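Asks: Residue numbers (our numbering): 323 to 457. The beta-carbon is built from N, C-alpha and C at its ideal position, and this holds for glycine as well. This structure is a prediction, so every number in the text was calculated from the model and none was measured.
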């Protein structure tokens, strides 16, 4: 059972990570005025149908895995959770930006062009913490 919980958690993480990276690239493209309206509509549908539900699933499954493993209180898990909270918040911010963009709110500020790199780095650190459990 525990292996299946972990496998489902990893699957949810992969779906969320892919959607978050696509969302980040779209926000960065929009900050340069280079986002196609059709792509924006498709990405928002994907976010509602796949990325958002995957985020909910990864939280529920991750909490279940952590409870079964007795990992709450471990330093590596606290660090990982902090980073996952940051990515969850970024997802919400970006979804809001894309929604406003779809409603004709103009392109997002140029300050969001860094998000794809930040997402990739945070995902890599999260994976390292989850596998190595260094502290």
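With a floor of 4 residues, list each alpha helix (DSSP H) that falls wholly inside the stretch 391-452, ordered by position along the chain.
Replies: Runs found: 397-424.
Asks: Whole angstroms is fine: what's the gap from residue 426's alpha carbon to residue 357's?
Replies: 13 Å
Asks: How is the alpha helix (DSSP H) around residue 360 delimited, first residue to last?
Replies: 359-368
Asks: Buried or exposed, going by whether 16 or more other CB atoms sit within 10 Å of the CB of residue 394?
Replies: exposed
Asks: Where does residue 457 land, buried or exposed, given buried means 16+ other C-beta within 10 angstroms?
Replies: exposed
Asks: Got a sec? Which residues, its chain only, sit under 6 Å from residue 384 by beta carbon, not counting five neighbours each side?
Replies: Taken in chain order, the residues that qualify are 331.
Asks: Under 8 Å between the Cβ atoms of residue 399 and residue 388?
Replies: yes
Asks: On a Cα-Cα basis, can you pick out the residue from 375, 390, 450 and 419 that is closest to residue 340?
Replies: 375
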